[in-house]
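Just below is one structure, and these are the notes that go with it.
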Amino acid sequence: MQHVMKNYVNLTYQTIVDTMLDIKCCARCIFRFLGIRDYKCYAKSEEVLLKILNRIRSTLQEDSQHPSTNILLSKTQDKPICTTCFDLIYQADTLECLWPIIESFNSHNFQVKTFNLSITLPSGIIINNHSVKVYIRQKFRERNLTVDLSNVIDLKEPFKYLLGWSIEKELDLNHSFQSPFIISIEYYHGITQQNHLILTRIPSAEFKLKKVRMKGKAVWTGDSRNNIIAALEKVPDSDFISIGNCPPLEEKERWKNYFPILEHSAVYVGGRYIKLSREISQSPWIINGERLAKTSVSECSGEILREKFRCDDYNFVAAGREDVNVRMLGNGRPFYFEIINPRKPFLSQQELDDAQKEINETQKDLIQINHLTMVTERDLVIIKEGEETKRKTYSALIWISKIVTPEIIDKINQYQDKELTIQQQTPIRVLQRRAQMIRPKIIYSMKAEALENHFLTMQLQTEAGTYIKEFIHGDLGRTKPSLGDLLDCYADILALDVLEVDLKWPPNNN
């Protein structure tokens with residue numbers, strides 16, 4: 002029995018090797034079809050791999066009359082293009098594959114130590130590899146034998162290792178599947194890119210394409226790699242042979258690639274900002290192409306950070322916002338920047354301190370930045386949760402229709418240590434962007450000081466999301482009670498400052 006099994010294994014090996022050599026497959030693809038998972042073996046040259054295959058083959062042929070080495074080596078002369086990989090894995094560690102990546106990396110000057118690879122292979126490879134499997138099974142059936150090809154290795158696995166090892170060597174980087182720096186490259190093969198459409202002519206494949214309109218253009222959907230593979234698994238060999246090319250036709254053209262995309266995942270830098278001007282917005286304020294505020298907090302600081310991180314772009318997120326004509330004072334409002342695709346993904350604390358100093362010096366009349374530091378993505382939830390839970394302290398300059406008297410001040414100051422709950426309907430000024438509803442809000446404390454005649458100042462501590470201006474003037478009765486209601490007069494706000502946003506940020510700031 003052992004002798005029979007040994008002969009079967011020997012015959013299986015020889016048949017796969019001989020069949021694939023006859024249809025112009027490279028040695029690395031033959032290794033794949035033999036299920037060899039020691040990817041270091043694939044790093045050897047075509048000639049060396051053919052010698053290895055021949056040496057093993059020779060040991061299996063007990064009564065061979067012809068040296069297998071000569072037969073195999075003769076196939077390397079004027080090597081044809083591999084029908085199963087279009088020479089992709091054959092050239093995975095050559096400059097043809099490496100140069101586009103090296104050129105792009107050097108031109109962008111990424112300062113990274115690790116990388117990960119995202120590879121997209123030509124769809125024609127799926128059809129050709131399946132065709133080779135069908136052809137091998139056909140060869141076994143001619144001998145009244147069966148063969149299990151379930152251990153055939155997907156081309157992408159050894160290809161990524163070979164290309165990854167070459168990138169490590171050329172760019173002095175470490176290949177890591179957890180790396181935030183991704184090198185994405187898509188390969189294509191024009192001659193075979195439509196080969197999967199034969200599946201639409203095989204009923205057993207149940208392969209259906211659907212035409213949809215995307216961005217005004219009609220495109221076909223349903224031909225993803227997963228859908229192609231799933232359809233092929235349904236097709237009997239006899240159906241495939243009746244429609245497809247089995248074995249695959251000899252290839253006349255090698256693979257090509259689109260320009261590689263090099264991207265580092267976003268990094269985050271947080272801090273607190275003080276807004277000194279009543280003429281700048283928090284983020285760019287542009288409507289219908291017209292700029293309504295000369296600049297913004299995000300631009301004043303973000304453009305300098307763009308230079309430091311050498312990034313594509315940035316997003317600015319703050320714990321709430323103030324109107325253009327409202328200053329943010331005290332210890333500042335918490336914020337963070339999402340730095341998109343940074344070429345320099347990490348700045349030391351000293352470099353951040355220098356960037357902060359540059360911002361504060363160049364924008365000294367507009368904003369000041371404090372506690373600028375790197376933060377993690379996990380930290381960002383603090384900002385989001387803070388929008389719902391934080392308390393804010395304000396200082397307001399107010400005009401009322403009555404002369405300010407000690408009795409009026411006392412009416413307000415009775416809430417110095419007493420909460421007041423108000424009902425705020427969505428303010429008229431934000432109806433275009435906020436849902437219409439009534440929101441209960443808490444004013445935790447109020448303290449007033451008289452100025453002269455009709456003027457007073459008031460300091461308030463409120464729940465997050467309270468509209469202070471509307472509490473003062475009542476918003477045509479949409480806030481109840483308003484300050485005017487409490488004092489039984491008309492009231493209006495002349496100036497407003499935010500003094501404190503009660504939120505511990507950045508999280509590592511002592």
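Sequential numbering of the sequence shown, starting at 2, is according to this note's numbering. C-beta atoms are modelled at their ideal positions from N, C-alpha and C, and glycine is treated no differently. In this text the structure is predicted, and so the values were computed from the model without any measurement.
Item checked: Ranges of the beta strand (DSSP E) found wholly within the stretch 213 to 257, counting only runs of at least 3 -> 218 to 222
Check: Which residue from S119, R144, G475, S105 puts its Cα closest to that of T16?
Finding: Within the sequence shown, residue 16 is the residue found at index 15, counting from 1. Of S119, R144, G475, S105, the residue nearest in Cα terms is R144.
Check: When the Cα atoms are used, what is the spatial distance from P237 to F208?
Finding: The count along the sequence shown starts at 1 and reaches residue 237 at position 236. The count along the sequence shown starts at 1 and reaches residue 208 at position 207. Approximately 14 Å, taken between the alpha carbons.
Next item on the list: Tell me, please, whether the CB atom of Y395 is closer than 8 Å to any CB atom in chain C?
Entry: Absent from the structure: chain C. Only one protein chain is present.
Check: Is Y259 buried or exposed, if buried means 16 or more other CB atoms sit within 10 Å of its CB?
Finding: Locating residue 259 in the sequence shown gives position 258, counting from the first residue. Classification for Y259: exposed.
Next item on the list: State the DSSP-derived secondary structure class of N145, mapped to helix, strand or coil.
Entry: Position 144 of the sequence shown, counted from the first residue, corresponds to residue 145. Coil.
Notebook entry, point to check: What is the DSSP secondary structure of A356, reduced to helix, strand or coil?
Noted result: In the sequence shown, counting from the first residue as 1, residue 356 sits at position 355. It is helical.
Item checked: I399 versus P346 - alpha carbon distance -> Sequence index remark: in the sequence shown, residue 399 carries index 398 (1-based). Sequence index remark: in the sequence shown, residue 346 carries index 345 (1-based). Their backbone Cα atoms lie some 47 Å apart in a straight line.
Item checked: Buried versus exposed call for R1 [16 or more other C-beta atoms within 10 Å across all chains shown] -> Missing from the structure shown is residue 1; the chain here goes from 2 to 511 and no further.
Note to self: Using 8 Å as the cut-off, can you tell me whether the stretch 350 to 363 makes contact with the stretch 324 to 338, which would need three or more C-beta pairs spanning the two stretches below that distance?
What the structure shows: no
Checklist line | Runs of beta strand (DSSP E) wholly within the stretch 372 to 427 (minimum 3 residues, chain order) | finding: 392 to 401, 421 to 426
Next item on the list: Please report how far the alpha carbon of S396 lies from the alpha carbon of L461, in whole angstroms.
Entry: Translated into positions along the sequence shown, residue 396 becomes position 395. Translated into positions along the sequence shown, residue 461 becomes position 460. Looking at the two C-alpha atoms, the distance is approximately 7 Å.
Notebook entry, point to check: Which of the three DSSP states, helix, strand or coil, is assigned to I368?
Noted result: To locate residue 368, count along the sequence shown from 1; it is residue 367. I368 falls in the strand class under three-state DSSP.
Margin query: In the DSSP assignment, the alpha helix (DSSP H) including R334 goes from what residue to what residue?
Written below: Working through the sequence shown from its first residue, we reach residue 334 at position 333. Not the alpha helix (DSSP H): R334 falls in the beta strand (DSSP E), residues 327 to 341.
Notebook entry, point to check: Would you report the Cα separation of A319 and W100, rounded to the nearest angstrom?
Noted result: Here residue 319 is taken as the residue at index 318 of the sequence shown, counted from 1. Here residue 100 is taken as the residue at index 99 of the sequence shown, counted from 1. Distance between the alpha carbons of A319 and W100 is about 42 Å.
Check: Does the separation of the CB atoms of L118 and K161 fall below 8 Å?
Finding: Working through the sequence shown from its first residue, we reach residue 118 at position 117. Working through the sequence shown from its first residue, we reach residue 161 at position 160. Result yes, Cβ atoms of L118 and K161 sit closer than 8 Å.
Notebook entry, point to check: When DSSP builds the beta bridges, which residues end up paired with Q460?
Noted result: Your numbering for residue 460 matches position 459 in the sequence shown. For Q460, which the question treats as bridged, DSSP gives the partners S396, K448.
Next item on the list: Express the C-alpha separation of D486 and R440 in angstroms, rounding to a whole number.
Entry: In the sequence shown, residue 440 corresponds to position 439, counting from 1. In the sequence shown, residue 486 corresponds to position 485, counting from 1. Going from the Cα of R440 to the Cα of D486 covers about 18 Å.
Next item on the list: For the beta strand (DSSP E) holding Y189, just list the boundary residues, first then last.
Entry: Along the sequence shown, one-based indexing puts residue 189 at 188. Per DSSP, Y189 belongs to the beta strand (DSSP E) from 182 to 189.
Notebook entry, point to check: Which term fits P248, buried or exposed, when burial requires 16 or more other beta carbons within 10 angstroms of its beta carbon?
Noted result: The sequence position of residue 248 within the sequence shown is 247, counting from 1. Counting Cβ neighbours within 10 Å, P248 comes out buried, since at least 16 surround it.
Checklist line | C-alpha distance - D88 paired with S225, whole-angstrom precision | finding: Taking the first residue of the sequence shown as position 1, residue 88 is located at position 87. Taking the first residue of the sequence shown as position 1, residue 225 is located at position 224. Approximately 23 Å, taken between the alpha carbons.
Next item on the list: Would you check if the stretch 176 to 185 and the stretch 260 to 280 touch, i.e. whether three or more CB-CB distances between them fall below 8 Å?
Entry: yes
Item checked: Stretch-stretch touch, CB-based, cutoff 8 Å, three pairs: the stretch 465 to 479 with the stretch 491 to 499 -> yes
Checklist line | Nonlocal neighbours in the same chain, by C-beta distance under 6 Å from P507, ignoring five residues either side | finding: What you label residue 507 is simply residue 506 of the sequence shown in a count that begins at 1. Contacts found: G271, H372, T374, V376.
Margin query: Tell me the rounded alpha-carbon separation between W286 and S402.
Written below: Looking up residue 286 in the sequence shown gives position 285. Looking up residue 402 in the sequence shown gives position 401. Each residue's alpha carbon lies about 34 Å from the other.
Next item on the list: Check R292 in the structure and name its three-state DSSP category.
Entry: Position 291 of the sequence shown, counted from the first residue, corresponds to residue 292. Strand.
Next item on the list: Taking D155 as the reference, give the member of L54, I168, R38, L96 with the closest Cα.
Entry: The count along the sequence shown starts at 1 and reaches residue 155 at position 154. Ranking the options by Cα distance to D155, first place goes to R38.
Item checked: Distance CB(S302)-CB(I384) smaller than 8 Å -> Against the sequence shown, residue 302 aligns to sequence position 301. Against the sequence shown, residue 384 aligns to sequence position 383. Contact: no.
Checklist line | T147 classed as buried or exposed, judged by whether at least 16 other C-beta atoms fall within 10 angstroms | finding: Looking up residue 147 in the sequence shown gives position 146. It is exposed - the Cβ of T147 has fewer than 16 other Cβ atoms within 10 Å.
Next item on the list: Just the C-alpha distance for Y14 and R56, rounded to the nearest angstrom, thanks.
Entry: For the purposes of this step, residue 14 is taken as residue 13 along the sequence shown, with counting starting at 1. For the purposes of this step, residue 56 is taken as residue 55 along the sequence shown, with counting starting at 1. Cα to Cα, Y14 sits roughly 12 Å from R56.
Check: If you draw a straight line from the C-alpha of S151 to the C-alpha of P204, how long is it?
Finding: Working through the sequence shown from its first residue, we reach residue 151 at position 150. Working through the sequence shown from its first residue, we reach residue 204 at position 203. C-alpha separation (whole angstroms): 24 Å.
Check: Looking at H197 and I127, is the spacing between their C-beta atoms short of 8 Å?
Finding: Start at 1 with the first residue of the sequence shown, and residue 127 comes out as number 126. Start at 1 with the first residue of the sequence shown, and residue 197 comes out as number 196. Yes.
Item checked: Supposed contact pair A206 and K235 - C-beta distance, whole angstroms, cut 8 Å -> For the purposes of this step, residue 235 is taken as the residue at position 234 of the sequence shown. For the purposes of this step, residue 206 is taken as the residue at position 205 of the sequence shown. Going by Cβ atoms, the distance from K235 to A206 rounds to 6 Å, so yes, they are a contact pair.
Next item on the list: Write down the C-beta distance between L277 and I368 rounded to the nearest angstrom, noting that I regard them as a contact closer than 8 Å.
Entry: One-based indexing of the sequence shown puts residue 277 at position 276. One-based indexing of the sequence shown puts residue 368 at position 367. About 6 Å separates the two Cβ atoms, so the contact holds.
Notebook entry, point to check: Between the C-alpha atoms of K80 and K25, what's the straight-line distance to the nearest angstrom?
Noted result: Taking the sequence shown and counting its residues from 1, one reaches residue 80 at position 79. Taking the sequence shown and counting its residues from 1, one reaches residue 25 at position 24. Cα to Cα, the separation comes out at about 8 Å.
Next item on the list: For V220, count neighbouring C-beta atoms within 10 Å of its own C-beta (all shown protein chains included) and say buried if the count is 16 or more, exposed if not.
Entry: Looking up residue 220 in the sequence shown gives position 219. Looking at its Cβ environment, which holds fewer than 16 other Cβ atoms inside 10 Å, V220 is exposed.
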